[in-house]
Structures are given as structure tokens and as C-alpha cells.
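Report on the structure given below.
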Amino acid sequence: MHSDAVDTAHVLVIGSGGAGVRAAIEAAGYGETMLVSKTLTGKGGCTTMAEGGYNAVLREADSCEIHFEDTLKGGAYLNEHDLVQILVHESPHRIRDLLEWGAVFDVTDCCEVAQRPFGGQRFPRTCYAGDRTGHEMISTLVDRLHATDVLIENEITVISLLMEGQRVSGALGLDRRGALRVMLADATILATGGGTRIYDISTNSSSGTGDGYAIGYNAGAELIDMEQIQFHPTGAVYPYDARGRLVTEAVRGEGGLLKNVEGERFMKRYDPERMELSTRDVVARAIATEILEGKGTKNGGVYLDVTHLPRSQIECRLPVMLEQFLKFGVDIRDVPMEVAPTAHHIMGGLRITTMGETTLPCLYACGEVSGGVHGANRLGGNALAETQVFGKRAGEAAGRVKERKKAADQMMIEEAEQRIGSFNQGDVPLSTIVRSLQTAMWEGAGIFRNGPDLQKTLGIIRHLQTLRPKAASAANFAECFILQNMLTTASLVVRSALLRKESRGAHLRRDITQNWDPEHSPYGHTYLSLSREGIETRAVK
Amino acid sequence: MKEISVKVFRFDPSCDTTPHLQNYLVSVNEGARVLHVLHAIHDEHDPSLSYRYCCGSGQCGSCAVKMNGQPVLACMEEARDEMIIEPLDLPIKKDLIVDMEPYLDRISSLVPGAEFHMPAPDEVEAIKPLRSCIECLACVSACPALKVIDFAGPAAMREDMRLSLDPRDTCDRVTEAVSEGLFTCTSCQSCWKVCPKDIEIPGKAIEKLRALANQKGLTLPRHQEVEKLVRETGRSVDRTGTTFLEQVPEVLEPDGEVKAMVGFFVGCMYNMRLPQTALDAMEVLRRNGIRVIIPKEQVCCGSPLIRTGQIEFLDTLKSRNINAYLFRNIDTVMTMCAGCGSTLKNDYGTPFKVMDINEVLLRFGIEPPARLPVKATYHDPCHLLRGQGIRTQPRELISKVVDLVEMPAICCGSGGGVRSGMPQEAAALGENRRNEIDKTGADLVISSCPFCEFHIKEHTDKPVKNVATVLLEGYREKDRRTAQKKTC
Chain W
-3 MHSDAVDTAH VLVIGSGGAG VRAAIEAAGY GETMLVSKTL TGKGGCTTMA EGGYNAVLRE
57 ADSCEIHFED TLKGGAYLNE HDLVQILVHE SPHRIRDLLE WGAVFDVTDC CEVAQRPFGG
117 QRFPRTCYAG DRTGHEMIST LVDRLHATDV LIENEITVIS LLMEGQRVSG ALGLDRRGAL
177 RVMLADATIL ATGGGTRIYD ISTNSSSGTG DGYAIGYNAG AELIDMEQIQ FHPTGAVYPY
237 DARGRLVTEA VRGEGGLLKN VEGERFMKRY DPERMELSTR DVVARAIATE ILEGKGTKNG
297 GVYLDVTHLP RSQIECRLPV MLEQFLKFGV DIRDVPMEVA PTAHHIMGGL RITTMGETTL
357 PCLYACGEVS GGVHGANRLG GNALAETQVF GKRAGEAAGR VKERKKAADQ MMIEEAEQRI
417 GSFNQGDVPL STIVRSLQTA MWEGAGIFRN GPDLQKTLGI IRHLQTLRPK AASAANFAEC
477 FILQNMLTTA SLVVRSALLR KESRGAHLRR DITQNWDPEH SPYGHTYLSL SREGIETRAV
537 K
Chain D
20 MKEISVKVFR FDPSCDTTPH LQNYLVSVNE GARVLHVLHA IHDEHDPSLS YRYCCGSGQC
80 GSCAVKMNGQ PVLACMEEAR DEMIIEPLDL PIKKDLIVDM EPYLDRISSL VPGAEFHMPA
140 PDEVEAIKPL RSCIECLACV SACPALKVID FAGPAAMRED MRLSLDPRDT CDRVTEAVSE
200 GLFTCTSCQS CWKVCPKDIE IPGKAIEKLR ALANQKGLTL PRHQEVEKLV RETGRSVDRT
260 GTTFLEQVPE VLEPDGEVKA MVGFFVGCMY NMRLPQTALD AMEVLRRNGI RVIIPKEQVC
320 CGSPLIRTGQ IEFLDTLKSR NINAYLFRNI DTVMTMCAGC GSTLKNDYGT PFKVMDINEV
380 LLRFGIEPPA RLPVKATYHD PCHLLRGQGI RTQPRELISK VVDLVEMPAI CCGSGGGVRS
440 GMPQEAAALG ENRRNEIDKT GADLVISSCP FCEFHIKEHT DKPVKNVATV LLEGYREKDR
500 RTAQKKTC
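Quick note, the sequences are listed as chains W and D, same order.
This note's numbering numbers the first residue of the first sequence as -3 and each following residue consecutively.
This note's numbering numbers the first residue of the second sequence as 20 and each following residue consecutively.
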């Protein structure tokens, strides 16, 4: 049987990306804090891969009100207004924290943080460190984390939340060897990031498997807008194994042009005003349409061209892009890139209050795993800001939770052990199930959707959920749980997509015609929990 | 799809007594990376294979492994048929997973002061080249010093330099770096050459930190003595006998047709410690149509000062050397010391072309020497292989005379001021060389750097010779055979 090591902390933070580390830093000021990471802290998650930037209002000519409006408009008015207000007002303070802790952002000649234009924004407010902004942030945050007393537990996969009645009281995890770890806490923060690994083509790191959505849902938390999947317009298309790899929006921010195989700047037919710097939902659909209509390259992409830019600009502002493409034999200074949409970000997630409280007592969420900030389409640069703004808030709120006597529910532990044991009797290789899921999601719940395909996809997911994944050794137990989390997350996406009978932001239903624009939609959030599901309606102005 | 045959290191310390290499034959897509091969093994053959990865795009530094002995990022390096995949040279947890945390923990963190200083644009520009480190620890794995002595490692040294450039940091990173082993670096440049982000740790961090240490009076006493000697004599070693420059005229005319003309930069070691080797080289050049101009006013190149951070006197040396060749209208200067060559090529900005003797000989072609019945191994000097990118040329020359057996290209311990400043470390690295030399079964060790030759001689019972000397022996044998034929 497994050894049940028990750890206790005042605050337990699950996830070691930008939001998790920020939350842990904040929570550390209130009591004993433990951070568990599925990977090595600082290396996991998508923050370190985020390239383009961090949105913050820093100039006189810009204003929080404009940032607010841009975010709402970009989000097809599905955003939670309170959350957006907090995002735009606190983002400048949080970048200041990072600067004080040593972040090396690019600066102007006047010693101000430099900003570049990003899609869907009326002011160039995206702060950056070349095209390795997220890496700069996570390096700084981990630096800061090491200066606190936070206990860091690396390479532990959290498999479920522990409950005391309705209250979340910690989590269960598995270490690399498959041994069970019991972690008890007064407050628990989910900062597990996103989950677009459920799609065949995705920008996400290996940790983007939707664990937090699934764990939260299984514990009874409510999730909103899970149908809202952002397909980033520009992902690499070859070689085969590198397809989906993020090609940052900063490429277009720096002046990169999108062209179809005929050399036409096709964005003029989709958004003549904003062109390449339209919002991601619009650009992704435009590219997908061009490709579907046969105007793509033979590798299945369109061109993203920076060859007209000064070479020094590419080298200085897009060094990671330059290096990555060079590794694959393409010098972007001389040859256009080929790109196509790739699953990037889940706008939906756990329903939170402005303090990061979920619908379950003592469970908090921040970063991509939460929903509501970005509405139906996220603006580039708002995610990194979100990690810091809501990471801090969740850490603070969790820290303020009152201390309790902690005890593990033996029933729940036994239940988990039974689940683990069942993987020994499994008979289907994990990779078979994962690949079936990813293909089904890409085909049936991708950029263009319709009711019958979504129903079919849900059927496939439900079938896959009945298969018994096989663990070759104890070290594979965690992978089995992760697979089940992917299936749960996928089912939440598809169920929500069926609930939203309109096209809104990133969610496009080809089988539905509507006579309203997003601003006047009669619908609010979709919601799902163990006990209820539906779509909110709202009074149309 | 294509098939790839791969050997993967397998070891589970909880049940295996020794590691082994496992063969796999896997199908992967065109353009697949090492990581995709590992995925294919895990998914299709053996789910028990353990390896670490995360971002899949070269940004998180989780997946570094050794491919055919060289540290690479598995997610970025293209897979090759017949490749061998092993873990980094760090404590192994299981299979390809190593314990990174002890080294990651030794990387310092910025300690901000009460008052905030926004870095200026020039400070940001200075920091940036050191900031792209993804802490993959490829450099730690490749560092030869870490195999014999404990120090914080190249990644940590890089961060110390970055912090010392940052106006927001409040700690004394220079003193910290010194206590963490700043002077253990042999400047072999392995860390830079394996860095997936191409961070020039020796030049941009170690030497810069040593220069800052110099300002604080923290330079090692032995290194200070060398600097004093250079100031006083223009040479980094003291006089023990007749020098090379005292034995040669300013112009050495070749036999027969003049194929090329080069200025010769002899360097302190060949001038004063191994003059015979330099004379051997002149003999080889004379035989191969190279006219050699040897300005007598040339001085130390300054390498021992740069590597140890004592750069005050450097500009004087530079201008004296450059002028010596400039006045004679020499357009190509030949070095035969790997350290001098690397310094003239990388630290000088010369108005003339600099070529190593191996490059010169191959460029203009040489008369074939006789083959000798000798099995020899070649030691790559760090400042020739990594400092100048010269790998094939000496091998090609050597193979004309003797049978060459390869050994891994690892620093012998003589560079970076380590031989004088950290003699025990230098000796330990020299002993590592001894073991590699013994493994080859060679009767002779050949190199192309006076520091390496001098140092390795103390750590092997085999003779150690310069490439030029071996060529000359080939010519002498050839002459002997010709003479023998004539007498018959």
C-alpha cells in the first residue's frame, strides 16, 4: 500500500506558474504556505512560455477606462465587469512589484517601461522583455519566492481536493514514484493554469491538461464559460511535431504582415481597420477561413512576414522567435513564417469573486483556471497581468482565512487509493486515449462549431471515459489521473459549447443564426457544476 | 514517418545495481526532435521510461539531456539515427531525470533595497545577454571543473554577474562569486558552447566578475605575480634560458618557392618555455614554402591578464603587438599557441587576419611526410577547439603521420589561471586526462597548445608532442628513408 505522508500548511497553493507563485508570495505573509508543483517550480506552466507581454496602463495618454473598454469589447462583453476593473487598475501596481523584485523589462530612453501595440487595444500598452516576457516574470517571481518561507514541493501531481463537509481542506497528490501525499490546509488555491492540451494542436506546455478545472469540478465548484477557447491565430505548422508551437502576437505587434498564398493581405477583408492587430478570435477565424478556402500554403498555413522589418529589430525584439525558427531551418529575417491557429487559452474556468473565492468555501482560484476576466476572448497581454493581479488577491484572501484544526478524511484517502488501484487493472494505453481525445476535440469542438458535431464529440468523450487506462508502473498513476482530468475538462468545454446557443467571441456556432451583436446578447455566462448547469440570461438594453 | 534506432540510458536506483543502455527502434515524423523520440518510446514501447519535459519549445529548461555526449535541449535538438541519449552529468533520480535542485538552489536571488532604482537603458542592455538563461543546467553538466571541485557552477556565476550589473540589487555579488568558486573556471568555454541560449558565460560573466574582483583586491596572489611580471618584462613567464626570439632571424625564408608569407606571433610559452617546439614549427613552415616574419618587439598577448580579470595593462600590450605587425605591412599573423590565437582573434580587433598554424598549413598545403608506426591520441586545446572552432585541421595533419585514436575533448586544467591559482584542481583535471589517455592505448599524446602540452606532460607517462613536432618527425623519417634508398 502507499505511504500516506501528511503535510499541513495554512495555505496550500497548487500550481507554480505566474499566478501560483504570486499567490504563494502573498500568502506567505499570513502564515505557513506550501506550494506544490507538478513540474519544477519556475519551469512548469505557460507563464514561462508567454512571449509577448503584459498589459498595464502606465502613460498619461492612456487610461484604465480605455483598457477596461478594450478588454470588454475584445471579450465580446461576456467579461465580469468587477474583475476587469480590478485587472486594469491593479495591473500597473503589480508590474511595479515585479520591477522592484528585479524584473528586467525593456525600457525607453526616458527610463520608462517600454510598451508595444497588441491586438484589440487602442493604446500600445503591452510591456515586454523582448519576446521572453513570461520567462522574465517567472524568473523574477521565483527569485522572490526563494526569499520567502514558502515550502516548495516539486513534482507532485495533485489528484483531488480534500473536503470537510462543503469546505475544501487541502488536497491529495502523487509523487513521481506514485506514492500518495496528503496535504492539509486552511485555505487552498488552485493556480493550475489552462488545459488546451485537450486539443490536437495546442501552444500549451505539458502541464496544460486542465487539472484544476477537473479537480475543482469534481469537488463541487462551479465553472463558467468553459466553451470559450482561444485559438491563437499564429502557431507553427511544421515540422509535424512542432505544430501548434506559439508564434507570439508580438510578431504582428512589431509590424508582421499576414498574407495568403497569393500574397494578399487578407485581413483587409475581415477587419480593414485593425488589420493584423485585430482581436485573436477574428484573426484566427480569418486564417482558418483562408486555409479552408484553399488559400493556404502547402504546409497548411498562411504567411506571417517580417522580412520587411530591419534585421536589428527582429534580433532585438523577437530573439526567441528568431532562434526557434532557425532551429527548424527558417531564418525569419529572410523568409516568411508559416502559421495557423492553435488552441491557446481557456477563457472560462472556476467562477470567482474579486478576491478569488470560488463557489466552495476555502477554495480560491487565480490565473487561467479561473473564469470571467476575459469574457469570450482574451486580449493578448491580459493573461500575464491577470496572473499577478489575481494571484496576489487570492494569496491575500486565502492568507486571511482563519486557522482550524486539521485532520484528513480517511474515507477520501481510501477512495483515492481505490482509484489508484484500478489503474493497475487497466487495459488501454494512456496515449491511445489521449490521442483519440485530442483528435475528437480538434475536429468537433474547434474554431467552427455546430450542435451535431458537439454532440458527437461529447459521445466520444463519454466513451473514452469508460475505458480503463493502464498504468505500467506506479510512476504512471499520475498520468492516469491527468488523462481523466483532460477528459473531464473536454466534457466541460463541449457541454458548455452546447449550452451557448449563439456565436460569441471565440465560440462560433455555424448552426445558429442570431440577430444580435455581442453587446446586445440576451445571454450571460454558461455555468456547470455537479449540481446544476445552464446559461444565464440578461436583460437586453 | 521514419524509423530511428536509439540507445537510451536506463537506471532506477531503487532496484537496479548498474545503469544500462537500452536499444529502441521507433517511428517518428520527419523533423522529429529528441523529445519526440522519447515520447514515442514512452507511448509505444515502454511507459516506464522517465524523462522530464514541459514547454516543448526551448523556454523552460526542463528537458536537457546528453545526445551523443553533448548536452542539448531534447525539445529543440533534431533526433538522429543511432543516437545515444543519456542524462546530464548530475545525480540521477531515474533514467533521464536528474536532481537539478541543488544547483538551481545555488543561483542567487536579487535582494532589493528600500529605495527603488529603475535600471537605465544601458544597464538593461548590459544585463539582457545574461538574462535569457533558462537554467537547463547544460552548462553545469559540461563544466569540467565541477567534476573535480565543488563550486556554484557556470549558471550561478552568470547570475552573480547579472546581479552585479543591476542597480536594484544590494548584495556584494563579487565577493560572493569569489567564495562560490570564481577562480575555479579554466575558461574552457564548454559552458558557452553547450548553452542553448548561447550565453557567453566565460567572457561575459566569469572574466567580468574577475575584473570586478580585481578592483576589490580579490585577485589571487599567484595571478598578481603574473600581472607584475607582464608589466615589468612584457612576458607572463620568467626567463629560464635562451628564448625562441633570440635564436631566429627576423625573416625566415622557405626552401624553394614562396607560397605565402605570415607574421609569427610566438607567445610567452613557446618563446620561453618550449622554444624547441616553435623551432620545429619553423622547420615545417620552411619546408612548405611559408615565409615567416618574426618581429622581435612582440610581447605577451595579454591572455593571462584577461582570463584572470587584470585588464589595466591590456591596452598597452595590444597596441605594442598590433603595431609590431602593422609597421611591417603584414596582412596575416600566425599563432601557434591556442591561447594567443584565441585572444588575438576574439579579444583584440586586429587590423590583420589571424590564423592558427594548423589553419595555415592546411590552407597552403603540405608536402606529405612519412608515416610513422605510432598510435597517437590528440588532445583538443580548449582555446583552439572552442575558442577558434578548429577541430578537423590538426586531425587531418596528424593523420598524415600517425594513426589517430580519439578521446573525449575535455579541458586538461591548465587554462584560466587555474594551473597557477588552483594547482590541486589543475592536477585533478590533469589526472582525468591521464585516465582518458590510458583508455585509448595510444603511445603518444599530441596537442597544439603550449599550456596543454606543458601540463599534460606532468600527468601522463606517454610522450606529449606538438602537431608541428610530429610533422617534423615525419619529414625526418622521410629524409632518412630517401637517404637510405640513395645509399643502397
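C-beta: ideal position from N, C-alpha, C; glycine also.
Q.
Distance cutoff 7 Å, beta carbons only. Does residue 50/D sit that close to anything in chain W?
A. So, interface residue.
Q. Does any C-beta atom of chain D lie closer than 7 Å to the C-beta of residue 365/W?
A. Chain D contact via Cβ: absent.
Q.
If I measure Cβ to Cβ from residue 132/D and keep anything under 6 Å in the same chain, skipping five residues before and after, which residues do I get?
A. For residue 132/D, where only same-chain residues beyond five positions count, the Cβ hits under 6 Å are 189.
Q | DSSP three-state assignment for residue 195/W, whether helix, strand or coil | A | Looking at residue 195/W - three-state DSSP - the assignment turns out to be coil, as it is neither helix nor strand.
(Q) Taking the beta strand (DSSP E) that residue 341/W belongs to, which residues open and close that run? (A) It spans 333 to 342 - the beta strand (DSSP E) in which residue 341/W sits, taken as one unbroken run.
Q) Three or more beta-carbon pairs under 8 Å between the stretch 60 to 73 of chain W and the stretch 172 to 188 of chain W, yes or no? A) The stretch 60 to 73 of chain W, when compared against the stretch 172 to 188 of chain W, does not touch it at the 8 Å Cβ threshold.
Q: Answer with yes or no whether the minimum CB distance from residue 78/D to chain W is below 7 Å.
A: Chain W has a Cβ within less than 7 Å of the Cβ of residue 78/D.
Q.
On the DSSP letters alone, give me the boundaries of the beta strand (DSSP E) that residue 161/W sits inside.
A. Looking at the DSSP string, residue 161/W is not in any beta strand (DSSP E), and its letter there is neither H nor E.
(Q) So, at 7 Å on beta carbons, what are the nonlocal neighbours of residue 155/W in its own chain, with the 5 sequence-adjacent residues on each side left out? (A) The beta carbon of residue 155/W sits closer than 7 Å to those of 168, 169, 170, 412, 477, all from its chain and outside the five residues before and after it, given in chain order.
**Q.** Validate contact between the stretch 369 to 378 of chain D and the stretch 346 to 358 of chain D using beta carbons, cut 8 Å, 3 pairs
**A.** Contact holds between the stretch 369 to 378 of chain D and the stretch 346 to 358 of chain D, because three or more Cβ pairs, one in each stretch, are under 8 Å apart.
Q: Would you mind stating whether residue 441/W and residue 493/W have Cβ atoms separated by less than 7 Å?
A: Closer than 7 Å, so yes.
Q.
Bridge partners for residue 538/W per DSSP, in chain order?
A. In the structure displayed, chain W extends from -3 to 537; residue 538/W sits before or after that span and is not available.
Q) If we ignore side chains and look at the alpha-carbon of each, how far apart do residue 107/D and residue 209/D end up? A) Rounded to the nearest angstrom, the two C-alpha atoms are 14 Å apart.
Q. Any C-beta of chain D sitting closer than 7 Å to the C-beta of residue -2/W?
A. At residue -2/W, the pLDDT of 44 sits below 50, so the modelled position is not reliable; the number obtained from the coordinates is stated separately. For residue -2/W, the answer is no, since every Cβ of chain D falls outside 7 Å of its Cβ.
Q. For a contact meaning CB atoms closer than 7 Å, what does residue 97/W contact in chain D?
A. Result: 129, 131.
Q.
Counting only Cβ pairs nearer than 8 Å, list the residues of chain D close to residue 241/W.
A. Simply 75, 76.
Q.
Is there a C-beta anywhere in chain D that falls below 7 Å from the one on residue 221/W?
A. Interface criterion not met: the Cβ of residue 221/W is under 7 Å from no Cβ in chain D.
Q) Can you find a C-beta in chain W that's less than 7 Å from the C-beta of residue 445/D? A) Not an interface residue.
(Q) Short of 7 Å in beta carbon distance, which residues of its chain neighbour residue 362/D, apart from the five on each side in sequence? Order them along the chain. (A) The answer, listed in chain order, is 320, 321, 322, 325.
Q. Residue range of the beta strand (DSSP E) that residue 517/D falls in?
A. Residue 517/D falls outside the range modelled here, since chain D spans only 20 to 507, and no answer is possible.
Q. Which class does residue -1/W belong to by DSSP, given the choice of helix, strand or coil?
A. Here the model assigns residue -1/W a pLDDT of 47, short of 50, so the residue's position is not dependable and the matter cannot be decided.
Q) Cβ of residue 150/D less than 7 Å from any chain W Cβ? A) Judged by the 7 Å Cβ criterion, residue 150/D is in contact with chain W.
Q.
Along the stretch 153 to 172 of chain W, where does the CB come closer than 8 Å to a CB of chain D? Name the residues.
A. Result list: 172.
Q: Would you identify the three-state DSSP class for residue 148/D, choosing helix, strand or coil?
A: Helix at residue 148/D.
Q: With a floor of 4 residues, list each alpha helix (DSSP H) that falls wholly inside the stretch 53 to 81 of chain W, ordered by position along the chain.
A: 60 to 70, all fully within the stretch 53 to 81 of chain W.
Q. CA-CA distance, residue 508/D and residue 285/D?
A. Not covered by the structure: residue 508/D. The range shown for chain D is 20 to 507.
Q: List the residues of chain D that residue 40/W touches, going by C-beta distances under 9 Å, in chain order.
A: Listed along the chain, the chain D residues whose CB falls inside 9 Å of the CB of residue 40/W are 73, 74, 79, 81.
**Q.** Pair within 7 Å by beta-carbon distance, residue 168/D and residue 203/D
**A.** Result yes, Cβ atoms of residue 168/D and residue 203/D sit closer than 7 Å.
(Q) If you follow the alpha helix (DSSP H) that residue 456/D is in, where does it begin and where does it stop? (A) That run of the alpha helix (DSSP H) goes 442 to 459.
Q) Do you know offhand how far residue 302/D's Cα is from residue 295/D's? A) Distance between residue 302/D and residue 295/D, taken at the CA atoms: about 10 Å.
(Q) Our contact map puts residue 484/D next to residue 389/D with C-beta atoms below 8 Å; I'd like the distance itself, whole angstroms only. (A) Between the beta-carbon of residue 484/D and that of residue 389/D there is about 16 Å, and that puts the pair past the 8 Å contact cut.
Q | Per DSSP, the bridge partner or partners of residue 173/D | A | DSSP, once it has assigned bridges, lists no residue as partnering residue 173/D.
Q: Return yes when the Cβ of residue 352/W is within less than 7 Å of the Cβ of residue 381/W, no when it is not.
A: Taking a C-beta distance under 7 Å as the contact criterion, residue 381/W and residue 352/W do not qualify as a contact pair.
**Q.** Buried or exposed (CB count within 10 angstroms, at least 16 for buried), residue 382/D
**A.** Taking all protein chains in view, the Cβ of residue 382/D is surrounded by fewer than 16 other Cβ atoms within 10 Å, so the residue is classified as exposed.
Q | Exposure of residue 33/D, with buried meaning 16 or more beta-carbon neighbours within 10 Å | A | That one is exposed.
Q: Please go through the stretch 347 to 386 of chain D and give each complete alpha helix (DSSP H) segment of 4 or more residues, from N-terminal end onward.
A: The stretch 347 to 386 of chain D contains these whole alpha helix (DSSP H) runs: 357 to 362, 376 to 383.
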